[in-house]
Every structure is written in structure tokens, then in C-alpha cells.
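*Asks:* Could you have a look at this structure, given as C-alpha cells, before my questions?
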Amino acid sequence: MARPRSDIALRIVTAAAERFLHDGVDGASLRQIAVAAGTNLGMVYYYFPTKDDLFLAVVERHYAPLSQAIIEAIAAGPSFDERVRALYDRFGAMSDEEFVVLRLMLREALVSSERLNRVFERMMQGHTPAMLELLSEGIATGRVAADLHPVAALVTMAVLAIAPQVMVRRVAASVKAVELPTASELARHLSTVALRGIGPALSGEGPGQGSPTPPEASPPTASGRRSAARRRPR
Numbered sequence: 006m007a008r009p010r011s012d013i014a015l016r017i018v019t020a021a022a023e024r025f026l027h028d029g030v031d032g033a034s035l036r037q038i039a040v041a042a043g044t045n046l047g048m049v050y051y052y053f054p055t056k057d058d059l060f061l062a063v064v065e066r067h068y069a070p071l072s073q074a075i076i077e078a079i080a081a082g083p084s085f086d087e088r089v090r091a092l093y094d095r096f097g098a099m100s101d102e103e104f105v106v107l108r109l110m111l112r113e114a115l116v117s118s119e120r121l122n123r124v125f126e127r128m129m130q131g132h133t134p135a136m137l138e139l140l141s142e143g144i145a146t147g148r149v150a151a152d153l154h155p156v157a158a159l160v161t162m163a164v165l166a167i168a169p170q171v172m173v174r175r176v177a178a179s180v181k182a183v184e185l186p187t188a189s190e191l192a193r194h195l196s197t198v199a200l201r202g203i204g205p206a207l208s209g210e211g212p213g214q215g216s217p218t219p220p221e222a223s224p225p226t227a228s229g230r231r232s233a234a235r236r237r238p239r
């Protein structure tokens with residue numbers, strides 16, 4: 006049975022995601038993408054006039070539902086801390102397809118300024134406003150330092166949520182000798198780091214929670230007192 010015409014664009018996008026990840030957007034062959042999609046080069050250009058159009062279609066296919074899931078996860082938390090943890094949990098629960106597209110977005114954003122601009126514009130229409138609203142709530146409730154620039158806080162939270170997940174998933178596939186945390190375990194630890202890292206220091210916090218507590222001085226020993234006496238100027 007012949008495939009319905011309406012699924013050609015989807016087949017092209019699916020094939021492009023694999024080729025883009027393997028060869029990069031600039032290095033990928035549209036002809037190879039067409040062959041993998043079971044169509045011809047003319048149909049690729051019909052649906053996607055440029056490679057960047059095809060790249061954005063690949064991004065949109067998985068980013069749109071991921072963005073909506075992030076927004077819903079943030080909105081579901083009853084408190085700032087729980088909203089932050091929900092955000093990190095959702096990144097930790099990324100599907101393989103979402104993970105692939107995220108890697109592609111990060112790599113191509115570093116290669117092409119035009120793609121970076123278009124990806125940034127799409128994110129500003131997606132989950133970014135929800136994250137900025139979350140940070141505003143954190144500042145208002147005292148959970149985020151008021152003197153921290155919102156952009157610095159936003160970038161810190163985003164990079165901390167995404168980059169380690171990418172690294173651990175990539176390492177886990179090739180390094181078996183190292184015991185690595187699962188994606189959900191990593192998300193839990195990263196959210197804790199984010200909350201402590203962007204929050205103001207709280208009075209009474211011990212080591213690992215705020216400013217480090219200096220070690221208590223040990224009482225001098227008898228030999229120490231004799232050595233000090235010998236060094237004392239006469």
C-alpha cells in the first residue's frame with residue numbers, strides 16, 4: 006500500500022534529524038535525507054526551501070511538546086523550590102528523541118549565529134518566559150538573590166539542567182567502568198545545586214549548605230608550646 010502524501014514531510018524531518026546529528030546541518034546531504042525518507046530531492050525542497058527551514062522543523066517537532074511539558078511542570082509546583090525541582094525532573098525525564106534534538110540544538114547554535122538567533126527566538130516563545138516568571142517568584146520570596154541579574158540566573162539554571170544530562174547520557178553509552186547516576190538521580194542533585202547556588206546564604210547554614218564554616222582551632226600541645234617559646238623573640 007502506498008504511503009499517504011501527508012506523511013512525506015514527517016518522513017523527511019525524521020530522516021533529517023539522524024543525518025543532522027551525524028554530519029551536522031551544513032555537512033548533511035539533502036539527497037541522502039531524501040533517499041532515507043523514501044522520496045526525492047524535489048519534495049525536500051518543496052516542503053523545506055532551505056536547510057535551516059528543515060533544521061527548525063526538526064527542532065519544532067520535539068521542542069514544542071517538551072516546552073509545553075516544562076511549562077506545565079513549573080506551574081504544578083506549590084512552592085518555588087518544588088517548581089525548580091519539577092523543572093529539573095522534566096529535563097531528567099527527556100525521551101531519546103528529545104535528547105537527540107537537544108544535542109542538535111546545542112551544537113548548531115554554536116556553529117551558526119543565524120540558527121542561534123532562530124533557536125533563541127523560538128525559546129522566547131516557548132519555555133523561557135515561564136522560567137523568567139519562576140525566577141521573579143524566587144526573587145520576590147527571597148529564594149533567589151535580589152542582586153543577581155535575571156539573565157545570569159536564567160542561563161545558570163538552564164545550563165545546569167541540560168549540560169550535565171547531555172554529558173552523562175553520552176558518557177554512559179561509552180564508559181561502563183564508571184558508576185554514573187541515572188537521569189532522574191542527576192536531576193535531583195542538580196536541582197539542589199541550583200537552589201543553593203543561586204540563593205542567598207542563610208545564617209546558621211553548615212558546611213555544604215552556605216558559606217563554609219572555618220575549622221575550630223585545636224588546643225596547642227606541650228611540644229607546640231615549647232616550639233613557640235623557642236621562636237619567641239627575646
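With my numbering applied, the sequence shown closes on residue 239, and no number is skipped along the way.
Glycine is no exception: its CB is placed at the ideal position from the N, C-alpha and C atoms.
Whole angstroms is fine: what's the gap from R108's alpha carbon to V149's?
*Replies:* By one-based count along the sequence shown, residue 108 stands at place 103. By one-based count along the sequence shown, residue 149 stands at place 144. If you draw a straight line from the Cα of R108 to the Cα of V149, it is about 29 angstroms long.
*Asks:* What separation, rounded to the nearest whole angstrom, lies between the Cα atoms of R66 and L200?
*Replies:* Position 61 of the sequence shown, counting from 1, holds the residue named residue 66. Position 195 of the sequence shown, counting from 1, holds the residue named residue 200. Approximately 31 angstroms, taken between the alpha carbons.
*Asks:* Should V106 and V64 be called a contact, given that it needs their Cβ atoms to be closer than 7 angstroms?
*Replies:* Counting from 1 along the sequence shown, the entry for residue 106 is found at position 101. Counting from 1 along the sequence shown, the entry for residue 64 is found at position 59. Yes. Within cutoff.
*Asks:* Between E126 and V164, what straight-line distance do the alpha-carbon atoms span, to the nearest angstrom?
*Replies:* If you number the sequence shown from 1, residue 126 lands on position 121. If you number the sequence shown from 1, residue 164 lands on position 159. Spanning the two alpha carbons is a distance of roughly 18 angstroms.
*Asks:* Spatial neighbours of P155 within its chain, please: C-beta separation below 7 angstroms, excluding the five flanking residues on both sides.
*Replies:* Position 150 of the sequence shown, counted from the first residue, corresponds to residue 155. Excluding sequence positions up to five before and after P155, its CB lies within less than 7 angstroms of the CB of L137, L140, all in the same chain and listed in chain order.
*Asks:* From the DSSP output, in three-state form, read off H132 for me.
*Replies:* Within the sequence shown, the letter at position 127 stands for residue 132. In this structure, H132 counts as coil in the three-state DSSP scheme.
*Asks:* Taking a contact to mean a Cβ-Cβ separation below 7 angstroms, would you say A78 touches R90 in this structure?
*Replies:* Along the sequence shown, one-based indexing puts residue 78 at 73. Along the sequence shown, one-based indexing puts residue 90 at 85. For the 7 angstroms CB-CB criterion, A78 and R90 do not form a contact.
*Asks:* Assuming contact is defined by CB atoms lying nearer than 7 angstroms, are R16 and A42 in contact in what I supplied?
*Replies:* What you label residue 16 is simply residue 11 of the sequence shown in a count that begins at 1. What you label residue 42 is simply residue 37 of the sequence shown in a count that begins at 1. Result yes, Cβ atoms of R16 and A42 sit closer than 7 angstroms.
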